[in-house]
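Working notes, structure below.
Number of protein chains: 2
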Amino acid sequence: MVLLVRAPAKSRERWQLPWRSLRPGETIDDEAAKLARKSLGTAPSLVEQVAAFGDKRRHPSGAELSVAFLALVDEETGEGVVGDAMWHAVEDLPPLPPRQRAMLEGVVTSLRSRLDQSPIAFHLLPSIFTLTQLQEIYELLLGRRLHKASFRRSLHAAWLVEPTDEWRSEGRGRPAQLFRYAPKKRRSGRRGVRFGA
Amino acid sequence: MVLLVRAPAKSRERWQLPWRSLRPGETIDDEAAKLARKSLGTAPSLVEQVAAFGDKRRHPSGAELSVAFLALVDEETGEGVVGDAMWHAVEDLPPLPPRQRAMLEGVVTSLRSRLDQSPIAFHLLPSIFTLTQLQEIYELLLGRRLHKASFRRSLHAAWLVEPTDEWRSEGRGRPAQLFRYAPKKRRSGRRGVRFGA
DNA sequence: ATGAATTAGTCGCGAAACGCGACTAATGTC
DNA sequence: GACATTAGTCGCGTTTCGCGACTAATTCAT
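Line by line, the protein sequences give chains L and W. Counting with our numbering, you get residues 88 to 284 for the letters of the first sequence. Counting with our numbering, you get residues 88 to 284 for the letters of the second sequence.
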């Protein structure tokens, strides 16, 4: 889901991405982190610069150039959103200013395409987790279901996790083993997680 | 290879990426295209925005924010470079300002990673070309050799080219068939070019 | 002429990766 | 004790991949 804020009354669209103008002397990375904290009421688990947009479609503020950042929070943290901000489903968004629409699409595409190389998903989990939890995160970010056996095979081939000796029995069903994120640095030809079904 | 220009005398490094400051009222896409034309003496076959850099490492001009663009020209066109600009091998570069070093690395990585989905290579070839020419472009951009049979298999699987009925006999050896870029829009599950060996 | 050299293009096999249904395992519930 | 529920694995048929070896068409040297 995407966090949107109410737009000023004069805009045609009623919602916008959270944004702020760059203050002289500040770095955009710092500014983006501050904006995320302010919009969420808490610090996100990951903030990452994605792309810059500077074409004819102008930003609502009239700015020539916009730099898009991705910030991720887990569902629980997302509940504590402050002010007039509200979460919207990515597949069902209200009208947005054209450039923001493009930025959002770019961010989502970029996120999904880098998901196999970058350990983004682990930022949304506690340090110890079950493989089912991990798979659910990937399914959420990719927007589609994955096959359990195939997911685990890719995962082990990528040497990203190692088992702990703890087990979690969460209500009914067989207890799940807990894993931690522990990428093995394969010196040559390391491979990311490949997904398919 | 990368086109660098001489830095002002006061800088520690002697070379820099071509750059200019954004003039109010201009779009960065337009400005980038102009800069490329001016640096090269001719229009590049492709100009593409890649990423923005705004961390602590400052641009030589002191600017807070830098937006990196990729411009590609074929070897022949590159000969006509004007002024004090000079081509340098990507694997053997002179010292650059830190942010520019990072920008360059980002651009090259991004170029290589998107090469399988985006028809970048075709911008560097005439509209009619041989498959060996195409493979050489990919090898140049990826910085490694590819296996001929595998390359052609991936290429045909991606439905990117179609044969013409023309043949080129270029000196010795068997004449090569000429192809044109003609991507088939497979409605579902289109796949890019995959490389390996 | 004839054969070596050169470049283009294809075949096919062994290995690896993938998709996926079906299986076993361990727990709670009725 | 049967059954539902969740975790985890196995294995088989198919596709993809890496790559050496092959055929094809031309030029060059003798």
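The C-beta atom is built at its ideal place from N, Cα and C for all residues, glycine as well.
Contact between the region 181 to 199 of chain W and the region 239 to 249 of chain W is defined here as three or more beta-carbon pairs at a separation below 8 Å; is this criterion met? no
Determine whether the Cβ of Gly149/W lies closer than 8 Å to any Cβ atom of chain L. no
Interface residues of the region 102 to 116 of chain W facing chain L [CB-CB below 9 Å]: Leu109, Pro111, Gly112, Glu113, Thr114, Ile115 and Asp116
Inter-residue Cα distance where the pair is Met88/L and Ala120/L: 19 Å
Please confirm if Lys235/W has its CB atom under 8 Å from at least one CB of chain L. no
Leaving aside the five residues before and after Glu135/L along the sequence, list all residues of the same chain whose C-beta is less than 7 Å from its C-beta, in chain order. Excluding residues within five positions, the ones whose Cβ falls inside 7 Å are Phe156 and Leu157.
Assign Val195/W to one of three DSSP states: helix, strand, or coil. helix
Going along the chain, which residues of the region 120 to 141 of chain L sit with their C-beta nearer than 7 Å to a C-beta in chain W? Gln136, Ala138, Ala139 and Gly141
Is the number of C-beta pairs between the region 115 to 132 of chain L and the region 124 to 143 of chain W that are closer than 8 Å three or more? yes
Work out the CA separation of Arg188/L and Leu122/L for me, nearest whole Å. 19 Å
Would Lys143/W count as contacting chain L if we go by Cβ distances under 8 Å? yes
Segments assigned alpha helix (DSSP H), at least 4 residues, entirely inside the region 167 to 212 of chain L: Runs found: 185 to 201.
Counting beta carbon pairs with one atom in the region 218 to 231 of chain L and one in the region 100 to 112 of chain W, are three or more of them shorter than 8 Å? With the cut-off at 8 Å, the region 100 to 112 of chain W and the region 218 to 231 of chain L do not touch.
If you measure beta-carbon to beta-carbon, which residues of the region 151 to 174 of chain L are closer than 8 Å to chain W? Glu151, Leu152 and Val154
Hey, out of Glu162/L, Gly149/L and Met190/L, whose CA is closest to Leu127/L's CA? Distance from the Cα of Leu127/L is smallest, within the candidate group Glu162/L, Gly149/L and Met190/L, for Glu162/L.
Give me the Cα-Cα distance between Phe216/L and Pro185/L, rounded to the nearest whole angstrom. 39 Å
Whole-number beta carbon distance between Val92/L and Asp171/L, since they are thought to touch under 8 Å: Between Val92/L and Asp171/L the Cβ distance is about 6 Å, and since that is below 8 Å, they are a contact.
Is Lys271/W close to the ligand NAP? I mean its beta-carbon at under 7 Å from any heavy atom of the ligand. In terms of ligand content, the structure shown is empty, and the ligand NAP therefore cannot be addressed.
Please classify Arg274/L: is it buried, with 16 or more other beta-carbons within 10 angstroms of its beta-carbon, or exposed? Bear in mind that a pLDDT of 49 at Arg274/L, under 50, signals an unreliable position, so the number given afterwards is only what the model happens to contain. Classification of Arg274/L: exposed, given that the 10 Å Cβ count is below 16.
Would you give the residue range spanned by the alpha helix (DSSP H) that Glu253/L belongs to? It is not in any alpha helix (DSSP H) - Glu253/L instead sits in the beta strand (DSSP E) that spans Val248 to Arg255.
What is the residue span of the beta strand (DSSP E) that Thr164/L lies within? First-last for Thr164/L: Glu162 to Gly165, but that is the alpha helix (DSSP H), not the beta strand (DSSP E).
Please determine, among Ala244/L, Pro182/L and Gly167/L, the residue with the shortest C-alpha to C-alpha distance to Gln204/L. Ala244/L
Any Cβ of chain L within less than 8 Å of the Cβ of Ser275/W? Because Ser275/W carries a pLDDT of 47, less than 50, the predicted location of this residue cannot be relied on, and no value is offered for it.
Cβ-Cβ distance between Leu104/W and Leu191/W below 8 Å: yes
Residues that Trp106/L bridges to, as DSSP identifies them: Per DSSP, Trp106/L has no beta bridge partner at all.
Do you know how far the Cα of Arg267/L is from the Cα of Asp233/W? It should be pointed out that residue 233/W corresponds to Leu in this sequence rather than to Asp. Looking at the two C-alpha atoms, the distance is approximately 37 Å.
On the DSSP bridge list, what partners appear for Leu140/W? The amino acid at residue 140/W is misidentified as Leu; the sequence shows Phe. Paired residues: Ser153/W.
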